[in-house]
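Here the structure is laid out as structure tokens; the discussion comes afterwards.
Chains as they are written, first to last, in this note's numbering: chain X, 1187 to 1603; chain C, 27 to 684.
Right, here's the structure in full:
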């Protein structure tokens, strides 16, 4: 059997040699065809090349077929994603079957990382940096000269890569070495960035990317601020942040000094923006509530200051409820009744500011501060200068708080306003 | 007749070759038929795949013996092995010559028009069925079982089995219609019925049995599929195989050189001839810039698999979306950089370099909706959404999966801010109403199982279960102890209730596991677990350390509350307490490991020297993950009312302290 096969093989090879000697082939199979200088481009990519699932092979086949890099990237990414989705779905299904009682947020935390490993990183290896990433960096650093935009984009990429390879899990942040590494990366990146920029460029850079920039611009978006307003507010908030960070921590924290710092900064904000806009700055820290009020009042054609006025009513109502709660002369039943009366009063004032038709545009829990009064509860909004605002929630069924909820950051309304 | 599982158990436990041979005899035709379809009718490849499948079966017998029904596993393994063989074959063909479609089918179905249209797309369509439906079809049509036998296998009555098969056939019919194969469900059933008649070549069962047993013995547990395939072949076979392959290549080259085909046509094959051919081409460079529906049709017509077609189309759509997103963000930066609040940008300004983050609404509009319109729901996604509801019958499972999918789609059509609007509230309300409707159809047992998985309390506990590596019985025991109302703390649990539950937990889980459970609610727990694991310390270390911390804090609080002491004496007493606790801490967590811990984790111990102490908050039903630094206290300030003290004490059975 083997001998006969060897004989046949020999015959076949001789025939091949003869056939090859007849002259060059007229064409090559299209599969994985490489472009030949001067040759006309081929007209397709074979299904076989695609179905291999071999991303490098698909890339080469597409390039050989004359596809532009954007198309190459699109198809290769699509193939990688398809493969990843199938794998990830199988893994998730397995998780849901085998350990459904442990399949919570923690168990799913690694899924995004898998997409990074199976799609983003292979794409980077196969096709290099996505030109759209460069375009994003260009627009992010549009205030810089072109060569520096590219440099900063490169710094971003380098550090992103280092960050991506750090293990991320719930407990890592509490490990000394991990925290140190995180700090080191942040510091080194900042050093690299600053070294690339001239002093005026650094100033513009910090205006956009300093510690406080994210928080301030978030409020600017919520209150619909102008660039001039941002440029006026940002240095004041930076100064407040610097000074408050320098205060002693924990049980040594000087609450009164901090409150005074807030009051001073508030008045500076009023001087810079005017009282009404400063007030909006404060209340826009409650971005969900404030944004919903803004949408509702704008769609009803109400005056621009309406959302801030409603938030003021919210605060006044919460403080009055706290006073009722703390009143030792009242029984729990009397307190409950007093809260209901307060609810009716607040409702009347709210109707004047934001009539019921306009309130239709609010989410279901958009007026929780008012509705909860009927349940024996009340909310006190706590506006801040930097971080988002928060509500203190109390129930008259519990003992009143030992310290009243204050809002020292809020500017004092000028007389006549 | 012995069940498959029993045969597998016998083989796994006793290495019983007759048991394994019986398994091969039962299933060889089925596996061979599956493989034959997947490899385009190549008998040799189908035999290789069949051997591979049974080797894997022998290798994994112990694990697979838990399965009541083997068909699903055999089908999946045959499909995967076939895909690998086909890929390898295609690469070879692509390198050496134009592919030849080997289209030999063994028996009459090959000549049957219905079957000819069905064959290329059948397995993809079978993949699209959920497990229960696929099992039903495979048992009925590919193993030739009666409805009664299908019922026995799937633990259903004969009538239910009949309904299951019919429903599955309907679904299969719909899936095939999407792939261009239209026929009546009855015709489909007839065509499928012939599959039970596909027989493996004579002698294959015997050779497969021998080879599989040899392969299973020699293949390591981590061996790759290709390595496993090699184990089938003796050296003689390998030499013969090499010569045969060389001969085949050479002869093929003869054919190629003689015919010298021109470049393959750019025109796609018509849909009715959608049989994958290595030579069929698609002008992707051009098509990717045009209408995606055309791109889809051309890929399908050229024989691309549905998965590949979807992948390519998705890639093109995503690229367009990404381009638009970059352009939008550039415009946003140009016209309003000071109010750019897209968090992809904000959160990364200082802590990390900028990262790309999707705009969900735009992604839905430009990628996900068009994909749904072009292809219908992604089978992977459907299967994934149904998986958590596997404890339910297929119809209820599908109903839950559908309502969750509809909800996710509706919400993703709203921009971030719009979700907190009446529109968002309406979507949530509708989802809740639909959920209530489906819940109303559940039997009490089903409802109990549903609550075990999806109640608010269950959602709170899953992470905690993950942290302590709980078993299912442990989870069920814990859920039996804690009332559902504990999930939202309304009404708040009293100290007496928490104490009673702590006792019940110890009774149900044993003291050590109850301790793990309780302390897994503390935010420090994962850090101690990681440190202990990496240092090879005992499993319960984290809970023991936290137990020590809680005991220490109680003593510190007593010192703080002691009115007979002045501040200096209290400070001295805390320092003494620190010295007293140190040996116990060191024995649980050696100093080298303590050194690795940063942040606030160890301050319950380290701060004692500075006159401070810290409560370790946890709760019987509290979730985990939120960092709570609250509860710090200093002997220089008034005694806090409660801080973050726990309200319960775990008692070790048989006495002892906490």
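Idealized CB from N, CA, C, for every residue including glycine.
### Task
Assign residue 1373(X) to buried or exposed, taking buried as 16 or more other Cβ atoms, counted over all protein chains shown, within 10 Å of its Cβ.
What you label residue 1373(X) is simply residue 187 of the first chain in a count that begins at 1. Here residue 1373(X) is exposed, its C-beta having fewer than 16 other C-beta atoms within 10 Å.
### Query
Counting only runs that start and end within the region 524-597 of chain C, where is the alpha helix (DSSP H) found for 4 or more residues in a row?
For secondary structure counted as the alpha helix (DSSP H) over 4 or more consecutive residues, the region 524-597 of chain C holds these complete runs in sequence order: 537-545, 551-560, 567-587.
key: Cβ neighbours of residue 450(C) in the same chain (closer than 8 Å, five flanking residues each side left out)   = In the second chain, counting from the first residue as 1, residue 450(C) sits at position 424. If you ignore the 5 residues before and after residue 450(C), its C-beta comes within less than 8 Å of the C-beta of 437, 440, 444, all in its own chain and listed in chain order.
Handout entry: Rounded Cβ spacing between residue 393(C) and residue 340(C) (contact assumed at less than 8 Å)
Key = Sequence index remark: in the second chain, residue 393(C) carries index 367 (1-based). Sequence index remark: in the second chain, residue 340(C) carries index 314 (1-based). Indeed they touch by this definition, with Cβ atoms about 7 Å apart.
Report the three-state DSSP secondary structure of residue 374(C) (helix, strand or coil). Working through the second chain from its first residue, we reach residue 374(C) at position 348. Residue placement at residue 374(C) is flagged as unreliable, the pLDDT there being 46, under the threshold of 50; the coordinate-derived value follows with that caveat. Per DSSP, reduced to three states, the secondary structure at residue 374(C) is coil, with no helix or strand assignment.
**Request:** May I ask which residues mark the beginning and end of the alpha helix (DSSP H) holding residue 320(C)?
**Result:** Residue mapping note: residue 320(C) aligns to position 294 of the second chain, counting from 1. For residue 320(C), the uninterrupted alpha helix (DSSP H) segment begins and ends at 318-327.
Q) If residue 1423(X) sits next to residue 1572(X), beta carbons under 8 Å apart, how far is it from one beta carbon to the other, in whole angstroms? A) The residue given as residue 1423(X) occupies position 237 in the first chain. The residue given as residue 1572(X) occupies position 386 in the first chain. With 8 Å as the limit, residue 1423(X) and residue 1572(X) qualify as a contact, their Cβ atoms being about 6 Å apart.
Q) According to DSSP, which residues form a beta bridge with residue 1567(X)? A) Here residue 1567(X) is taken as the residue at index 381 of the first chain, counted from 1. Per DSSP, 1577(X).
If I'm right that residue 600(C) touches residue 576(C) with Cβ under 8 Å, what's the distance once you round it to whole angstroms?
-> One-based indexing of the second chain puts residue 600(C) at position 574. One-based indexing of the second chain puts residue 576(C) at position 550. At roughly 16 Å, the Cβ-Cβ gap does not stay under 8 Å, so residue 600(C) and residue 576(C) are not in contact.
- Residues in the region 1397-1422 of chain X with C-beta within 7 Å of chain C's C-beta atoms, listed in sequence order? Sequence-ordered contacts of the region 1397-1422 of chain X with chain C read 1397, 1399, 1400, 1403, 1404, 1406, 1407, 1411, 1413, 1416 [C-beta pairs closer than 7 Å].
Around the C-beta of residue 159(C), are 16 or more other C-beta atoms found within 10 angstroms, so that it is buried, or is it exposed?
Position 133 of the second chain, counted from the first residue, corresponds to residue 159(C). Answer is buried; the Cβ neighbour count reaches 16.
Step through the CB atoms of chain C and report whether any lies within less than 9 Å of the CB of residue 1286(X).
Taking the first chain and counting its residues from 1, one reaches residue 1286(X) at position 100. Yes - at least one Cβ of chain C is within 9 Å of the one on residue 1286(X).
* Asked: Count the other CB atoms within 10 Å of the CB of residue 1564(X); is the residue buried (16 or more) or exposed (fewer)?
  -> Taking the first chain and counting its residues from 1, the one referred to as residue 1564(X) is at position 378. By the neighbour-count rule (16 or more Cβ atoms within 10 Å), residue 1564(X) is buried.
In angstroms, rounded to a whole number, what distance separates the CA positions of residue 68(C) and residue 1271(X)? Indexing the second chain from 1 puts residue 68(C) at position 42. Indexing the first chain from 1 puts residue 1271(X) at position 85. Each residue's CA atom was taken as its position, placing residue 68(C) and residue 1271(X) some 30 Å apart.
So residue 1327(X) is in the alpha helix (DSSP H); what residue range does that whole segment cover? Residue 1327(X) sits at position 141 when you count from the first residue of the first chain. In the DSSP assignment, residue 1327(X) falls outside any alpha helix (DSSP H), carrying neither H nor E.
Alpha carbon to alpha carbon, how far is residue 1261(X) from residue 175(C)? Give it in angstroms, no decimals. Taking the second chain and counting its residues from 1, one reaches residue 175(C) at position 149. Taking the first chain and counting its residues from 1, one reaches residue 1261(X) at position 75. The C-alpha of residue 1261(X) is placed about 46 Å away from the C-alpha of residue 175(C).
Three-state secondary structure assigned by DSSP to residue 469(C)
One-based indexing of the second chain puts residue 469(C) at position 443. Correct three-state label for residue 469(C): coil.
- prompt: Taking just the CA atoms, how far does residue 195(C) sit from residue 1322(X)?
  reply: Position 136 of the first chain, counted from the start, is the residue given in the question as residue 1322(X). Position 169 of the second chain, counted from the start, is the residue given in the question as residue 195(C). Taking the straight line joining both Cα atoms gives about 50 Å.
Q.
Which residues of the region 581-598 of chain C have a Cβ closer than 9 Å to any Cβ of chain X? Give them in chain order.
A. Within the region 581-598 of chain C, contact with chain X at the beta-carbon level (separation under 9 Å) is assigned to no residue.
Could you spell out where the beta strand (DSSP E) holding residue 640(C) opens and where it closes?
-> By 1-based counting over the second chain, the position of residue 640(C) is 614. Element bounds for residue 640(C): 638-640.
Contact under 9 Å by Cβ, residue 1371(X) with residue 1349(X): Position 185 of the first chain holds residue 1371(X). Position 163 of the first chain holds residue 1349(X). Yes, these two residues count as a Cβ contact at 9 Å.
query = With a CB to CB cut of under 8 Å and the five nearest residues on each side skipped, what residues in its chain are close to residue 1528(X)?
reply = Here residue 1528(X) is taken as the residue at index 342 of the first chain, counted from 1. Sequence-distant partners of residue 1528(X) (beyond 5 residues in either direction) whose C-beta falls short of 8 Å from its own C-beta, in its chain, are 1503, 1506, 1507, 1510, 1559.
Looking at the C-beta of residue 671(C), does it have a partner C-beta in chain X at a distance below 9 Å? Here residue 671(C) refers to the residue found at position 645 when the second chain is read from its first residue. Here the model assigns residue 671(C) a pLDDT of 47, short of 50, so the residue's position is not dependable, and the following value carries that caveat. With 9 Å as the cut-off, residue 671(C) does not count as an interface residue toward chain X.
Quiz item: Going by other Cβ atoms of all chains shown within 10 Å of its Cβ, with 16 needed for buried, is residue 633(C) buried or exposed?
Solution: Residue mapping note: residue 633(C) aligns to position 607 of the second chain, counting from 1. By the 10 Å Cβ count, residue 633(C) comes out buried.
**Report entry** Exposure of residue 1468(X), with buried meaning 16 or more beta-carbon neighbours within 10 Å
**Finding:** In the first chain, counting from the first residue as 1, residue 1468(X) sits at position 282. Only buried fits residue 1468(X), as 16 or more other CB atoms lie within 10 angstroms of its CB.
**Asked** Can a CB atom of chain C be found closer than 9 Å to the CB of residue 1329(X)?
**Response** For this step, residue 1329(X) is matched to residue 143 along the first chain. So, interface residue.
#### Entry: DSSP state of residue 79(C) mapped onto helix, strand, coil
Taking the second chain and counting its residues from 1, the one referred to as residue 79(C) is at position 53. Residue 79(C) falls in the helix class under three-state DSSP.
For this session: Could you work out which residues of chain C lie near residue 1301(X), taking near to mean beta carbons separated by less than 8 Å?
Result: The residue labelled residue 1301(X) in the question sits at position 115 within the first chain. Within chain C, no C-beta atom comes nearer than 8 Å to that of residue 1301(X); the closest sits roughly 11 Å away.
### Query
Which residue comes first and which comes last in the alpha helix (DSSP H) that contains residue 1558(X)?
By one-based count along the first chain, residue 1558(X) stands at place 372. Membership of residue 1558(X) in any alpha helix (DSSP H) is not indicated, and neither H nor E is assigned to it by DSSP.
Would you kindly work out how many angstroms separate the C-alpha atoms of residue 546(C) and residue 1289(X), rounded to a whole number? By 1-based counting over the second chain, the position of residue 546(C) is 520. By 1-based counting over the first chain, the position of residue 1289(X) is 103. If you take the alpha carbons of residue 546(C) and residue 1289(X), they lie about 16 Å apart.
Considering only the beta carbon of each residue, do residue 1233(X) and residue 177(C) sit closer than 9 Å? Your numbering for residue 1233(X) matches position 47 in the first chain. Your numbering for residue 177(C) matches position 151 in the second chain. Taking the C-beta atoms as reference points, residue 177(C) is found no nearer than 9 Å to residue 1233(X).
Please state if the CB of residue 1567(X) and the CB of residue 1497(X) are separated by a distance shorter than 9 Å. In the first chain, counting from the first residue as 1, residue 1497(X) sits at position 311. In the first chain, counting from the first residue as 1, residue 1567(X) sits at position 381. Taking 9 Å as the Cβ cut-off, residue 1497(X) and residue 1567(X) qualify as a contacting pair.
**Prompt:** Could you give the distance in angstroms between the alpha-carbon of residue 563(C) and the alpha-carbon of residue 552(C)?
**Reply:** Here residue 563(C) corresponds to residue number 537 of the second chain, with the count starting at 1. Here residue 552(C) corresponds to residue number 526 of the second chain, with the count starting at 1. Each residue's Cα considered, the two are about 14 Å apart.
Who are the near neighbours of residue 388(C) in its chain, counting only those whose CB is closer than 8 Å to its CB and skipping five residues on each side?
The residue given as residue 388(C) occupies position 362 in the second chain. Result list for residue 388(C): 347, 350, 351, 354, in chain order.
Answer with yes or no whether the minimum CB distance from residue 460(C) to chain X is below 9 Å. On the second chain, residue 460(C) is found 434 positions in, with the first residue counted as 1. Closer than 9 Å: no.
| field | CB contact check: residue 309(C) to chain X, cutoff 9 Å | value | Here residue 309(C) refers to the residue found at position 283 when the second chain is read from its first residue. Output row for residue 309(C): interface = yes.
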